[in-house]
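Undergrad: Numbering-wise (the UniProt record's numbering), the sequence shown opens with residue 1 and increments by one. Structure in structure tokens, see below.
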Amino acid sequence: MNGAGHGTRPNEGFERNLSSIVGGRTAKGLERAFGIVTVRDLLYHFPRRYSNRGELTPLVGLPVGEHITVLAQVLDARERTMQRKRGSILEVRITDGTGTLALTFFNQRWRAAHLLPGRRGIFAGKVSEYRGQLQLQHPDYELFEEHEAAADPSAGAEVSARKSEDLDRAAARAYAERPVPIYPATAQFPSWTIEKAVGLALDALGPVEDPLPRSIREREGVFALGPSLELIHRPERTADWRKARDSMRFREAFELQLALLDRRRRTGLAESTPRPQRSGGLLDRFDAALPFELTGDQREACATIGAELARPHPMHRLLQGEVGSGKTLVALRAMLQTAESGGQSAMLAPTEVLAAQHYRSITETLGPDLAPEFVPVLLTSKMPAAERRRALLSIASGNSRVVVGTHALLGDKVTFYDLGLIVVDEQHRFGVEQRETLRQKGAQPHVLTMTATPIPRTVALTAFGDLEVSTIRELPPGRQGIETFAVPVLERPKWAERAWLRAAEEVGKGRQVYVVCPAISAGAREDGDAEATEGAEGPGAADAGGPDRPLASVEQTVAELRARPDYAGLRVEGLSGSMRPEQKDAVMQAFAAGEIAILVATTVIEVGVNVPNASMMIVRDADRFGISQLHQLRGRVGRGEHPGLCLLLTAAEQGSVARERIEAVAATGDGFALAEADLELRREGDILGTAQSGGRSTLRLLRVAEHGELIAHAREVAAELLEQDPTLEGAPGLWDLLRRENESGHLENLAKS
Ligand code: ADP
Ligand code: MG
């Protein structure tokens with residue numbers, strides 16, 4: 001039997017395979033199209049929106065091209081064969097007393113058996129015109145039961161007829177008010193097929209036990225799970241699905257936060273080696289030699305991290321702060337503290353350029369006194385074999401206490417003597433598995449991840465909800481700041497030319513200039529740079545002078561600049577991800593040494609690159625980059641004693657989203673404000689929804705941009721519950737849910753985006 005759970009235990013229905021319910025073919029199709037396998041999968045495939053059949057429209061003056069719903073009576077039906085093609089047309093005329101309308105059906109002569117003259121019903125469809133006659137082609141309709149006048153023997157025939165009409169009206173109104181769910185669909189799987197399958201699944205579901213404790217439901221005004229699922233899919237009226245959707249959305253936020261907090265609780269229980277600070281140790285010597293004071297935010301972050309390293313449980317902390325806010329210094333102090341008890345630290349950087357730079361700057365910052373005790377080593381996959389072997393040995397023996405590297409650090413051959421701390425720079429460039437691989441090389445090492453992309457609070461709560469967060473908002477004193485201007489090249493061609501003159505002037509003053517291009521050469525984008533690609537295909541793509549206009553490329557820009565008479569004698573070099581690592585490194589070093597005046601690069605220079613003498617940046621086709629990317633890019637200039645200037649060249653039209661993004665970046669230097677603006681300007685789902693698993697977005701009803709308050713509130717509710725009942729003994733359903741959540745990898749997908 002198919003029906004409601006004879007002998008089934010509560011919630012068992014959710015796990016049922018769909019093939020026995022909707023049929024093998026539909027089940028296969030659902031799996032292929034949406035990765036839907038079980039009843040649960042299907043019932044959590046929520047309608048994207050709802051359309052109302054609409055108000056009842058009188059049949060006079062019908063608007064052509066619009067969807068209408070009419071209450072009418074069948075006048076007559078006529079069937080004829082088509083002249084050109086094989087087949088038949090059924091033409092049914094209906095009337096509501098004010099006018100008539102034709103319904104046409106192709107090759108559906110069987111409908112004539114229902115659409116009998118005199119039958120009343122409700123008809124919905126799009127009005128079209130054919131040879132001067134208004135019609136609905138293949139409308140949806142529902143015919144009313146024929147009311148038996150005889151059923152009410154006390155009433156006269158006339159009264160019965162009126163009553164019957166009233167009943168019809170009421171039924172019609174209910175029908176017209178009933179929202180039609182519109183599902184995310186494909187051509188093979190139109191919304192109504194899904195609707196039907198969902199209906200079957202709901203009917204077959206059987207008893208539902210709500211994992212959410214009643215006390216929380218009542219306090220939050222949340223519908224129970226069973227009714228929520230019923231009403232989100234089969235609402236009778238608009239208020240139904242609204243309430244059901246709000247209820248399901250609360251559940252989603254709550255369950256997510258519960259899972260994140262539970263994970264944080266469990267990792268906090270793990271045991272790891274405490275790495276306390278020793279007075280008179282490496283850290284004290286380092287601090288004593290430091291040529292500047294830490295900023296307040298740096299001090300606070302250092303204190304928190306220092307205390308956490310000393311605890312016998314692993315630290316999991318995210319350190320966020322603007323480019324140049326001195327995160328690396330905070331990380332270095334953590335590494336020194338770890339080294340004091342003999343522990344090693346591994347710093348993972350996303351690119352060779354960055355790893356090499358971190359390595360150099362760490363060695364320099366440590367100075368000739370401390371560096372020999374610390375023995376920093378660099379490990380990348382492109383190193384010569386002999387050098388690499390030496391580095392591996394130094395890591396395995398524990399001789400080297402700080403290791404800086406790229407993905408090469410994750411390799412099988414890399415073993416640590418005592419890995420105590422992992423620092424992940426620009427964490428968004430790494431997947432969770434990669435961090436996990438590195439973590440496995442130690443015994444519950446402490447983990448510090450860093451990001452220069454300010455993360456709005458709600459995003460942090462969602463994507464990094466299992467981490468503690470430290471924020472550095474203050475920049476070190478004496479920063480000159482960066483002025484940013486948008487340069488609309490089509491509207492103001494003279495301004496664009498002026499930008500190049502200005503760059504030459506800057507070089508004339510002994511400074512250096514970055515030029516950033518979205519492409520490497522004509523037709524080649526920066527490889528492996530997901531963000532650049534995202535920028536290119538993002539909302540701006542259509543705005544930038546059409547798809548035919550080639551993107552500014554490093555190759556072409558280098559050629560153009562070298563050919564300029566006023567650039568004669570200026571050394572212009574290109575830098576892109578397609579170059580060999582030693583080539584890249586050579587160019588970066590030459591730029592850092594001031595030998596190159598103008599560096600034309602792709603986004604390889606985006607993160608962390610530090611050349612204080614560079615004072616100006618020109619970004620070509622700036623609309624191809626995202627807000628946070630532009631903000632990161634411009635952080636390359638104004639790092640020294642000279643104020644920075646950043647010119648964002650764009651062909652995007654005024655008023656376009658692409659242009660708005662650029663103007664937002666020009667308008668403020670506050671990365672946190674920009675992150676919020678970014679969140680608003682980005683399309684729905686872009687922020688976390690990019691992490692797709694099995695074709696499904698990781699979040700269903702939650703949009704971090706919109707539901708910040710709900711997310712924060714749900715987190716409080718979840719925290720309160722976990723505090724009262726850490727192992728959820730009083731809520732076994734939630735416990736099961738957490739287990740499932742952990743197995744699904746859902747949380748990992750969130751953080752990966
Ligand atoms: P981030 O990694 O956050 O982008 P860095 O740690 O690379 O920033 O710091 C940028 C520059 O600022 C470095 O040259 C660093 O030595 C310097 N710096 C860091 N903290 C301070 C401070 N408190 N006062 C002055 N300079 C600082
Ligand atoms: Mg940095």
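All C-beta atoms, glycine included, are put in the ideal place defined by N, C-alpha and C.
Just to confirm, is the Cβ distance from P456 to A185 under 8 angstroms?
TA: The answer is no: Cβ separation not under 8 angstroms.
Undergrad: Report the option in I194, P476, L461 whose CA atom is closest to the CA atom of V469.
TA: Selected option, being the one with the closest Cα: L461.
Undergrad: Starting from the Cα of G282, find the closest Cα among A239, T328, G343 and give me that residue.
TA: With the sequence shown as reference, residue 282 is identified as Leu, and Gly is not the correct amino acid for it. Nearest of A239, T328, G343 to L282, Cα basis: G343.
Undergrad: Please list, in chain order, all residues of the same chain as L43 whose beta carbon is under 8 angstroms from its beta carbon, the five residues on each side excluded.
TA: Hits under 8 angstroms: F14, V198, A201, L202, L205, L229, H233.
Undergrad: When the Cα atoms are used, what is the spatial distance from W735 to S247?
TA: Straight-line Cα distance between these residues: approximately 20 angstroms.
Undergrad: Looking at A224: is its Cβ nearer than 8 angstroms to the Cβ of L702?
TA: No, the pair does not count as a contact, with Cβ atoms beyond the cut-off.
Undergrad: How many Å lie between A666 and L30 at the Cα?
TA: Rounded to whole angstroms, A666 to L30 spans 46 angstroms at the Cα level.
Undergrad: For T100 and V60, I'd like the C-alpha separation in whole angstroms.
TA: Looking at the two C-alpha atoms, the distance is approximately 8 angstroms.
Undergrad: In angstroms, rounded to a whole number, what distance separates the CA positions of G577 and L294?
TA: In a straight line, the C-alpha of G577 is about 35 angstroms away from that of L294.
Undergrad: Keeping to the same chain, check which residues put their C-beta closer than 8 angstroms to that of R473; ignore five residues upstream and five downstream.
TA: Closer than 8 angstroms at the Cβ level, and outside the excluded window around R473, lie D297, G321, E322, S325, F672.
Undergrad: In terms of residues, what are the limits of the alpha helix (DSSP H) holding A27?
TA: Segment 24 to 34, the alpha helix (DSSP H) holding A27.
Undergrad: Is G535 buried or exposed, if buried means 16 or more other CB atoms sit within 10 Å of its CB?
TA: Residue placement at G535 is flagged as unreliable, the pLDDT there being 32, under the threshold of 50; a coordinate-derived value is accordingly withheld.
Undergrad: Quick one: does the C-beta of S325 sit closer than 7 angstroms to a heavy atom of ligand 1?
TA: Yes.
Undergrad: Roughly how many angstroms lie between the CA atoms of C302 and A33, to the nearest whole one?
TA: Looking at the two C-alpha atoms, the distance is approximately 49 angstroms.
Undergrad: Taking just the CA atoms, how far does H713 sit from L630?
TA: The alpha-carbon atoms of L630 and H713 are separated by roughly 32 angstroms.
Undergrad: Under the DSSP definition of a beta bridge, which residues are partnered with Y130?
TA: The partner list for Y130 (beta bridge, DSSP) reads Q133.
Undergrad: Could you give the uninterrupted runs of the alpha helix (DSSP H) lying entirely in the region 317 to 402, keeping only those of 4 residues or more?
TA: Correct list: 327 to 340, 352 to 374, 385 to 396.
Undergrad: Looking only at C-alpha atoms, which of R48, A72, A346 sits nearest to residue 775?
TA: In the structure as shown, the chain starts at 1 and stops at 753, and residue 775 therefore has no counterpart that could be examined.
Undergrad: Whose C-alpha, out of T328, S394, G420, is nearest the C-alpha of P312?
TA: Looking at the Cα atoms, G420 is the closest of the given residues.
Undergrad: For V70, which option in R511, E177, K494 has the closest C-alpha, if you only look at C-alpha atoms?
TA: Measuring from the Cα of V70, the nearest candidate turns out to be E177.
Undergrad: Considering only residues of the same chain and omitting the five flanking positions on each side of V22, which have a CB-CB separation below 6 angstroms?
TA: If we look at V22 and ignore the five residues flanking it on each side, its Cβ neighbours are A197, L200.
Undergrad: Which residues bound the beta strand (DSSP E) around D140?
TA: That run of the beta strand (DSSP E) goes 140 to 143.
Undergrad: For V507 versus R620, is the C-beta distance shorter than 8 angstroms?
TA: No, they are not a contact pair.
Undergrad: Would you say the beta carbon of L329 is closer than 7 angstroms to some non-hydrogen atom of ligand 1?
TA: At least one heavy atom of ligand 1 is nearer than 7 angstroms to the Cβ of L329, so yes.
Undergrad: Exposed or buried, which one is M82 when buried takes at least 16 other CB atoms within 10 Å?
TA: It is exposed - the Cβ of M82 has fewer than 16 other Cβ atoms within 10 Å.
Undergrad: Looking at C-alpha atoms only, which residue of A651, G125, E209 is the closest neighbour of P493?
TA: If we check each option's Cα against that of P493, A651 comes out closest.
Undergrad: Kindly indicate the opening and closing residues of the beta strand (DSSP E) around V515.
TA: Counting along the chain, the beta strand (DSSP E) containing V515 begins and ends at 512 to 516.
Undergrad: Please determine whether the Cβ atom of L294 lies at a distance below 7 angstroms from any heavy atom of ligand 1.
TA: Under cutoff, so the answer is yes.
Undergrad: Got a sec, what are the start and stop residues for the alpha helix (DSSP H) F14 sits in?
TA: 12 to 15 is the extent of the alpha helix (DSSP H) around F14.
Undergrad: Using the rule of at least 16 other Cβ atoms within 10 Å of the residue's Cβ for burial, across every protein chain shown, is P207 buried or exposed?
TA: Under this definition P207 is an exposed residue.
Undergrad: If you check the beta carbons only, do S381 and A355 fall under 8 angstroms apart?
TA: It is not a contact, given that the beta carbons lie outside the stated cut-off.
Undergrad: Of the residues L438, T238, R429, which one's Cα is nearest the Cα of A452?
TA: Minimum Cα distance to A452 is reached at R429.
Undergrad: Using DSSP with H/G/I as helix, E/B as strand and the rest coil, what is A504?
TA: Correct three-state label for A504: helix.
Undergrad: Could you please give me the residues that DSSP links to H67 through a beta bridge?
TA: K126.
Undergrad: Compute the minimum distance between the beta carbon of P476 and the heavy atoms of ligand 1, and state whether it is under 7 angstroms.
TA: Yes, ligand 1 has a heavy atom inside 7 angstroms of this Cβ.
Undergrad: Can you check DSSP and say which residues form a bridge with H446?
TA: In the DSSP output, where bridge partners are listed per residue, H446 has L421.
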